[in-house]
Amino acid sequence: MRSLSMFSRLLIVSLGVILLCVAVLSGLSYVNLRDSSIRARMNSLKAQARDIGYLAGRKSEDALSRFEASESAVQDLINWKAQRISEEYGAYVRVVERTGKDYYISPSWSNGSAKIKAPSAEQQAEYMSLALQGQDIAQPTDSDEGPQFTVMVPWTQHNQLSGQRTVMGYVLIQTSAQTVHAVYRDMIWQTAMAAIALFLLSAAVVFFVAQQMTRPLTAMADAAGKMAQGDFEVRTPEEGGKEIRALSQSFNQMAAQLSTLEQSRRDFVANVSHELRSPITSIKGFAQGMLDGTIPPEMHGQYLQVVVDETQRLAKLINNLLNLSRMENEETSLAFSHFELNEMIRRVLISRMTQIDDKNLEIEVDFQDDTCFVHADADQIQQVIINLLDNAVKYTPSHGMVSLSTRTEKDRVIMRIKDNGMGIPASDAPYIFDRFYKVDKAHTVGKGTGLGLAICKRIMERHGQQIRLVSGEGGAEFEITLEKGNDPGGSHGNTGAGKD
Ligand code: ADP
70 MRSLSMFSRL LIVSLGVILL CVAVLSGLSY VNLRDSSIRA RMNSLKAQAR
120 DIGYLAGRKS EDALSRFEAS ESAVQDLINW KAQRISEEYG AYVRVVERTG
170 KDYYISPSWS NGSAKIKAPS AEQQAEYMSL ALQGQDIAQP TDSDEGPQFT
220 VMVPWTQHNQ LSGQRTVMGY VLIQTSAQTV HAVYRDMIWQ TAMAAIALFL
270 LSAAVVFFVA QQMTRPLTAM ADAAGKMAQG DFEVRTPEEG GKEIRALSQS
320 FNQMAAQLST LEQSRRDFVA NVSHELRSPI TSIKGFAQGM LDGTIPPEMH
370 GQYLQVVVDE TQRLAKLINN LLNLSRMENE ETSLAFSHFE LNEMIRRVLI
420 SRMTQIDDKN LEIEVDFQDD TCFVHADADQ IQQVIINLLD NAVKYTPSHG
470 MVSLSTRTEK DRVIMRIKDN GMGIPASDAP YIFDRFYKVD KAHTVGKGTG
520 LGLAICKRIM ERHGQQIRLV SGEGGAEFEI TLEKGNDPGG SHGNTGAGKD
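The following block contains the structure:
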């Protein structure tokens, strides 16, 4: 059973249930039919016996009145009626008076050639005693000759003087059950045919329904198999019942996401390879040039600086990749604490003074309040500020301006970093946070890795906060939101975070 398909299982189970139902129903209707045919036969035999009993009563009254002509006419009627019953039902008839005298006895009974044994003397005595008590019998009985029906009804005579009817004897009809069996054997056959037709019809319906139900699942299994082999473009038809449709929809969504993931994995590998290859190629080229003398010794200092810069860029790239991968895998949980954001910004600015001074950049700081406590992972937020500030410094020409601001809005803190550098064209804005995305693709050597903003985005997402490009015209302006925090010890002027 385990190796069977769902379709086969559904089919087998449903057909089994249908077969059981049909068998039970047929069995019940067989028993019902048999019982009702037996009852009908009994009732009809009883009615016939009563008719003969009536005639026997008339005959006995005529005998009393000595109407011999009438008496013999009634006897003829009794004979005629009894013979008809014998022929019609294959029955044996006996009309007995309590004196023991027979008004009628089937000839084959009297000469012993009957297929049904004549009742024994004891049975006759029992019939008579029951009849005298006014009781009758109508029952199927088993005999050596097989199943048979026995009907016994008392017959009475009208007493002129008392006006009462007196039991005078009984009419006995016995018949083989074969004739009734033949009737209900026909019925069994008809029932069986109806049962088979019902079964076949239900089987066809079940087959159709099971096929309808399992088709989308089979399609999904095929699609899953293809996906397992790397084909993420495969989709399943969204059909079938409500649940199956929902499953197909989820499956297709999953396939679409996997397809996107697979695409970004490919892009990622291609980008990483590209990013690694270009600095390594230039390092190798310059080193080779210095070794074989293509680069004269007086130029070595200049080229060695390029080699150092490229090596630094490689190191940064690898660090960024590690950071990103750690965050993507959610390896490190966030260490939330309450800390002072303005102070953190000041410290980051101080750490970047060399680059700022090199470019003669003007720095403007606009803090709404002296202190601005936030609740976040201090190290991670510091990383975001560093990345944003580094970009502002990097993409702003000499004598440009970089401004930083913080303000509180209800339960949020908003920090903005704005510069008046080259800015970000509107067409690039939607992709700016994608991994390896660089606006100025052609002149990136020595500049960035295209991972800084992707890292910022991931950090803010993990905090459940936002980062966005407010404007890219006339310089770039970025904004991050943070959860407002509390002053952990009432102490101002340090980034020393009050850990949760
Ligand atoms: P990179 O290491 O290249 O700076 P980022 O992810 O930090 O990588 O930035 C992605 C791209 O966004 C940069 O290559 C640059 O084109 C653009 N960009 C980021 N910040 C600024 C900015 N302040 N001014 C102009 N362009 C920026």
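Quick note on this note's numbering: the sequence shown kicks off at 70 and runs consecutively.
We put the CB at the ideal spot given by N, CA and C, even for glycine.
None of the values given here were measured: they were computed from a predicted structure.
For residue i, verify whether its CB is less than 7 Å away from any heavy atom of the ligand FAD.
i, result
"Val482", "Questions concerning the ligand FAD fall outside what the structure shown contains, since the ligands it does hold are the ligand ADP."
Does the distance from the C-beta atom of residue i to that of residue j stay below 8 Å?
i, j, result
"Ala125", "Tyr172", "yes"
"Met282", "Gly310", "yes"
"Ser113", "Ile185", "no"
"Gly238", "Trp224", "yes"
"Asn340", "Phe505", "yes"
"Thr518", "Lys385", "yes"
"Cys525", "Val482", "no"
"Gly554", "His369", "no"
"Val222", "Arg153", "no"
"Ile352", "Val376", "yes"
"Val165", "Ser155", "no"
"Ile493", "Val508", "yes"
"Ser317", "Glu307", "yes"
"Ala279", "Leu80", "yes"
"Leu551", "Leu410", "yes"
"Leu201", "Arg234", "no"
"Arg485", "Glu433", "no"
"Arg304", "Ala324", "yes"
"Leu520", "Leu383", "no"
"Gln117", "Ile206", "no"
"Tyr123", "Ile257", "no"
"Gly490", "Gly544", "yes"
"Arg476", "Gln437", "yes"
"Ile121", "Val236", "no"
Which word fits residue i, buried or exposed, when buried means at least 16 other C-beta atoms lie within 10 angstroms of its C-beta?
i, result
"Leu391", "exposed"
"Glu412", "buried"
"Asp488", "buried"
"Ala160", "buried"
"Leu330", "exposed"
"Lys479", "exposed"
"Val514", "Residue placement at Val514 cannot be trusted, given a pLDDT of 41 that sits under 50; the coordinates are not used to answer."
"Met34", "In the structure displayed, the chain extends from 70 to 569; residue 34 sits before or after that span and is not available."
"Met75", "exposed"
"Pro188", "buried"
"Leu327", "exposed"
"Leu89", "exposed"
"Gly85", "exposed"
"Thr465", "buried"
"Asn563", "With a pLDDT of only 46 at Asn563, under 50, the local geometry of the prediction cannot be trusted, and the value read off the model is given with reservation. Asn563 should be labelled exposed."
"Thr423", "exposed"
"Trp178", "buried"
"Ser175", "buried"
"Val82", "exposed"
"Pro285", "buried"
"Thr210", "exposed"
"Leu473", "buried"
"Phe355", "buried"
"Gln332", "exposed"
"Phe218", "buried"
"His561", "Confidence is the limiting factor: at His561 the pLDDT is only 45, short of 50, which leaves the residue's position unreliable, though a coordinate-based value still follows. Looking at its Cβ environment, which holds fewer than 16 other Cβ atoms inside 10 Å, His561 is exposed."
"Lys128", "buried"
Residues bridged to residue i by DSSP?
i, result
"Gln208", "Thr219"
"Asp581", "Any answer about residue 581 is impossible in this case: the structure gives the chain only from 70 up to 569."
"Ser245", "Gln217"
"Glu552", "His444 and Arg481"
"Ala160", "Thr244"
"Thr225", "Val236"
"Phe301", "Looking at the DSSP assignment, Phe301 forms no beta bridge with any residue, so it has no partner."
"Lys29", "Residue 29 lies beyond the range of the chain shown here (70 to 569); nothing can be said about it."
"Glu431", "Met470"
"Asp171", "Val165"
"Leu538", "Phe547"
"Phe436", "Thr475"
Next item on the list: Could you tell me whether the segment 447-458 touches the segment 408-417, where touching means 3 or more Cβ pairs closer than 8 Å?
Entry: yes
Margin query: Assess contact between the segment 140-155 and the segment 255-274, defined as three or more Cβ pairs (one per stretch) separated by less than 8 Å. Is contact present?
Written below: no
Note to self: Closer than 8 Å is the cut-off here; do at least three beta carbon pairs connect the segment 444-451 with the segment 527-534?
What the structure shows: yes
Check: Three or more beta-carbon pairs under 8 Å between the segment 103-112 and the segment 290-306, yes or no?
Finding: no
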